[in-house]
Amino acid sequence: MAAALEAIALNKRFNSLQASNNVSLEVEQGEIRGLIGPNGAGKTTLVNLVTGVYKADSGEVKLAGESLRGCDMHEIARRGLVRSFQVTRLFGSLTVAENLRTAFLARRPKDGTDGEARIAQMLDLTKLRPLADTQAKKLSGGQRALLQMGCGFMVPGSCYVLDEPFSGINPVIKDAIIDMILEVNKLYGATFLIVSHEMTIVRRLCPKVTVMMEGKVAAHGSLDEVARLPEVIAGYLGKALE
Amino acid sequence: MFSTELVIQTAISGVMIGVLYALMALGITFIYSIMRMVNWAMGEFYMIGSYLQYMLVAWALGPDLWWLAVLISTAGVFVLGLVVQWGLIKPIFKKPPELRDDYATVVTLALLLFLRSVATGLAGPNQFTPGSNLPMVMIGPMPMAGARVAAFLFALAALGIFWAVLRYTWHGLALRAASQSRVGVQTAGIDVLSVDRIAFGIGVALAGLAGALLAPVFLVYPTNGLITTVKGFEIVVIGGLGSIPGALIAGVLLGLMESFGAAFVDSAYQNIYGFILVIAILVLRPTGLFGERGREA
Amino acid sequence: MRKFGILLAAGLVAASVAAQAQDIGIGLDIPLSAPGDASGGQLIRRGAEIGIDTVNAAGGVLGKKLKLFVTDSQSTPQLGVANYRRLVSEDKVVAVTGMFHSSVAIAINEVAKEMGVPTLAVQASASDITAKHYDIAFRTHAVDPVRVAAWMEFIKKKGFKRVSIMAETTDYGIGLTDETIAQNKSGNFGIEIQKITFDNKATDFSAQLLQVKAFKPDLVLNIAVGTPVDLIMDQATTIGLLPTVPMLISYDAPTRPQYWQLHAKNGEGIYFIAYYSPKAPLSDIGKTFAATYKEKYKEDPVYGALNGFGGVMIITEALKAAGNTDPKALIKALETGTFKSWPDAPVTFPRADGVYWHNWVPPVLIVQYTKPNQDWKEADVVVTYSKK
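If you want it as structure tokens, here you go:
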């Protein structure tokens, strides 16, 4: 069976900066993969290349064995590769329920339902039901993060790419998001690629991680394996993990 | 001079024209809210709507089927909007975002001149009127041309339908979402350029509708959209960019202000009262009556 | 569509390339788009073009061909001035004729007196166009005092006591309004006058007309130019002012071909100022022109076209008399010569007093449509007024 998500020799240059240097990556079906590395290592660039925000100079992305070459952002989303942003991208003056409904729009033609069941399920999963008719801009930062995750799971995704889903969020919400990820992974067998700096969460969620440094893939393996590599300690962690 | 009757008549005439101005404002604000560009050629779509109405009534349907002509004219402008978006506007959105505004301004201004020249070239500078068989209607103490009353009611209905579509349909949801975050809708798997196409079509169709409705009242000639466009922009500032109730209320407010200013202050400055309102709003509430302060990119 | 745009742009560039050196250029500044009276401009243009063709067919003037340079003032004075400058400095015209909106003509003359190339206004009536006694300012049109005298005679004849003036806030509208008020006083007519003014860029006159209605006038004077004339008529009908209260339009707008298309229901009974009636005899060149015009446009020429034609013919004769294209010589020739235009009457431009400086005034008529779809030539002549 083909890998759920495959990046093959991706290159991207911004003026003089080689933001992505021959990056290859393979995430198996149902896997939760961590993507770690210092700031400016090219993690977000990789996410943007994979999800079609940027067009790669060379290289290719495959989703379940099918090439995404030439696909626009919305087409990639429709094929089931869903992303979240570091900064939440919600529809501020729409209500929580409407945000979820919007995320369901693209699924609707295939699904043939009105999606209300799934919206209800997602309101429960995010525990935002009491706020269903509140405008998104009135939510707290953590609630927004939850809603954003909920919106992501509304899309008929088989593979989710999450960019820093835990940054700037209080520990209770972090746990809620972790639970959501594990639940969706278990229920639908969904694949995840998660960018994060939070090593305890990465250790809890991700059996395998990919380390990026200076636009290149530095290492693959379990967090404990890569954390022992001298170049990773020198270039990123600073010291061995506890 | 300050008789109650005159006050009531002035108020009625202000409200009626205000609602029609609001149609135009809505078109401008709607296109802006989704595409973040100003369509400077709005008045020309108004003009095309009025010419279509004239041609349909004068040559094909006759004055009794004016309502059908209005529907066809509006649909015609909608389709033209789709074509213009596809041919002229969409390519702009493939350019870097920081240049879009400039390109959009240049392209729509060029379109304005082009459409005016075409109208003058094809139909000459003369005025036309589709005429109207609608009888005079008494509104309270005031006799009103049937065409004006019909235009008013039609515009109200159009505003209602527009609001309901935005509020209750899937397409409406996509349009509202796109006005909040263009990247967001793409993440949700929605093709933002096709949302643009629909938005541009609907926006110019509102102008075309105003043109078709007002054709028997304000006549048909190549630059007849000019004043309505200026009013439209004033209303957008007064009501707040992107706000539908804002456009309606500001439209009525502008209509009343002009009507009362002309009747009781000095009629020579009719077109200036709107600007006074605009300046007052800019000073007191720069986002407009119903404008939103912040938006997510 | 973009390709079309490029073609259009290329066409505009080609059109603006200056005349060949051997041609003598005549400028024609007229309104060809709103808020100007585009139809009025168009008629003058037709007349002037036939004038040019007539002269060129007869071998031209001073051994050269005439060429017409047309510019659009849109009734905007600044634009008119820019047009005049371009006509004189780039197109090297010997005179600028046309001129429909008084504000434009007045503004142009302020620049013309510096640049020296004469102007011949054919359908702009404000006093200041000639009353300032500029060397370069000529006119072949009814001036405000004559027009006002004509309608004061009309008002007296009809026994009207209360008159509402709906006037645009331009030199034309304000000039005529002030002149009416002045003549009412100096002539002891004792008429009560309501003065309502409006911006000529407006489209909705309901508020103003409601005031007019409240005044309960015997006559409404519609002193607008272009589209507002028609909008005021329609909107006056809307609020029940027309046809109950008679309306007089301050120029010959109702002679236009589209009048009955626009006013099928409310056009009957309207009074208007006219400057030409087929009953008045035409000159020989006037007759030839009328025939050519009818053949070309399938309708009879109206005053604007006749005067547009006359302007070109007068300038041509003056060029012949001057013997060269020097502006000073041309001005001298215009002042001293006697010319032929469309009416069977000599045309002269003496250095006369007041507004009659350099000004030949055709007779002014007030006529009325008495039937729907009436030909303007059949309209009842109610008053004929000639300057005494």
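Sequences listed follow chains X, H and V, in order.
Using the working numbering, the letters of the first sequence map in sequence onto residues 341 to 582.
Using the working numbering, the letters of the second sequence map in sequence onto residues 13 to 309.
Using the working numbering, the letters of the third sequence map in sequence onto residues 1253 to 1640.
Every residue gets a Cβ at the ideal spot worked out from N, C-alpha and C, and that includes glycine.
Just to confirm before moving on: does the CB-CB distance between residue i and residue j stay below 9 Å?
i                : j                : result
G215 of chain H  : I40 of chain H   : yes
A70 of chain H   : P142 of chain H  : yes
G61 of chain H   : A227 of chain H  : yes
L345 of chain X  : C499 of chain X  : yes
K1517 of chain V : T1489 of chain V : yes
F319 of chain H  : L218 of chain H  : This structure gives no information on residue 319 of chain H, because the portion of chain H shown stretches from 13 to 309.
A472 of chain X  : L430 of chain X  : no
G1292 of chain V : F1352 of chain V : yes
Y1523 of chain V : L1500 of chain V : yes
G1288 of chain V : S1327 of chain V : yes
T466 of chain X  : L185 of chain H  : no
T10 of chain H   : S1355 of chain V : The structure shown has nothing for residue 10 of chain H, since chain H only spans 13 to 309.
I250 of chain H  : I293 of chain H  : yes
D1451 of chain V : Q282 of chain H  : yes
List, in order along the chain, the chain X residues whose C-beta lies closer than 9 Å to that of residue i?
i               : result
T199 of chain H : T391, M413, H414, A417, V422, R423, S424, F425, R429, A443, C491, G492 and V495
Going by DSSP, what residue range makes up the beta strand (DSSP E) through residue i?
i                : result
F1450 of chain V : E1444 to F1450
I1282 of chain V : I1276 to I1282
S360 of chain X  : L357 to V367
G374 of chain X  : I372 to I376
I1501 of chain V : M1499 to I1501
M552 of chain X  : K548 to M553
For a contact defined as C-beta to C-beta under 7 Å, what are the partners of residue i on chain H?
i                : result
L1284 of chain V : P137
E438 of chain X  : L185
S1291 of chain V : P137 and N138
T1479 of chain V : Q139, L231 and Y233
L1483 of chain V : F230 and L231
Could you spell out the range, first to last residue, of the alpha helix (DSSP H) harbouring residue i?
i                : result
D503 of chain X  : Not the alpha helix (DSSP H): D503 of chain X falls in the beta strand (DSSP E), residues C499 to D503.
S1355 of chain V : S1354 to M1367
A34 of chain H   : T16 to M47
R429 of chain X  : Run containing R429 of chain X: none; DSSP gives neither H nor E here.
H560 of chain X  : Taken as a continuous stretch (DSSP letters only), H560 of chain X belongs to no alpha helix (DSSP H), being part of the beta strand (DSSP E) at K556 to G561.
E1405 of chain V : D1396 to K1410
T466 of chain X  : E456 to T466
I1304 of chain V : A1290 to A1309
P155 of chain H  : Element bounds for P155 of chain H: not the alpha helix (DSSP H) but the beta strand (DSSP E), M154 to M156.
F90 of chain H   : W78 to V96
V583 of chain X  : Nothing about residue 583 of chain X can be read from this structure; chain X reaches only from 341 to 582.
Report the partner residues of residue i according to the DSSP bridge assignment.
i                : result
I1618 of chain V : V:I1525 and V:V1635
A1373 of chain V : V:G1350 and V:R1391
P1598 of chain V : V:K1592
E400 of chain X  : X:I348
A1419 of chain V : V:T1449 and V:I1475
L1320 of chain V : V:I1278
L1534 of chain V : V:P1595
What residues of chain V sit near residue i, judged by a beta carbon separation below 8 Å?
i               : result
L18 of chain H  : L1462, Q1463 and A1466
F140 of chain H : Q1510, Q1513 and L1514
I239 of chain H : K1453, A1454 and T1455
Applying a beta-carbon distance threshold of less than 7 Å, which residues of chain X neighbour residue i?
i               : result
A189 of chain H : F431, L434 and T442
G71 of chain H  : The sequence shown places Trp at residue 71 of chain H, rather than the Gly named in the question. Those within 7 Å of W71 of chain H in chain X number zero; the least Cβ separation is about 41 Å.
G215 of chain H : Going along chain X, no residue has its Cβ under 7 Å from G215 of chain H, so there is no contact; the nearest lies around 19 Å.
Which residues of chain H have a Cβ atom closer than 9 Å to the Cβ of residue i, listed in chain order?
i                : result
G1492 of chain V : M148, M154 and P155
Anything in chain V within Cβ reach of residue i, meaning under 7 Å, just list it in chain order.
i               : result
A280 of chain H : T1421, T1449, F1450 and D1451
Q21 of chain H  : L1462
A275 of chain H : A1459, L1462 and Q1463
F105 of chain H : Those within 7 Å of F105 of chain H in chain V number zero; the least Cβ separation is about 16 Å.
Which residues of chain A have a Cβ atom closer than 7 Å to the Cβ of residue i, listed in chain order?
i               : result
R160 of chain H : Annotation note: the requested chain A is absent from the structure, which comprises protein chains X, H and V.
Output, in chain order, the set of chain H residues within a Cβ distance shorter than 8 Å of residue i.
i                : result
F1505 of chain V : The amino acid at residue 1505 of chain V is misidentified as Phe; the sequence shows Ala. By Cβ distance, chain H contributes nothing, its closest Cβ being about 11 Å from A1505 of chain V, past 8 Å.
Please confirm if the segment 46-61 of chain H is in contact with the segment 107-123 of chain H, defined as three or more CB-CB distances below 8 Å between the two stretches. yes
Within the chosen definition, does the segment 1413-1421 of chain V reach the segment 1466-1484 of chain V through at least 3 CB pairs nearer than 8 Å? yes
Hey, is the segment 70-85 of chain H in contact with the segment 197-205 of chain H, meaning 3+ C-beta pairs nearer than 8 Å? no
Cβ pair count under 8 Å reaching 3, the segment 246-262 of chain H against the segment 282-294 of chain H: yes
Are the segment 1294-1303 of chain V and the segment 1561-1570 of chain V in contact at 8 Å, needing three or more beta carbon pairs? yes
With a threshold of 8 Å, are at least 3 pairs of Cβ atoms found where one atom belongs to the segment 351-365 of chain X and the other to the segment 502-519 of chain X? no
At least 3 beta-carbon pairs within less than 8 Å: the segment 402-414 of chain X vs the segment 15-33 of chain H: no
For the structure I just gave you, are there three or more beta carbon pairs, one from the segment 376-385 of chain X and one from the segment 548-564 of chain X, closer than 8 Å? yes
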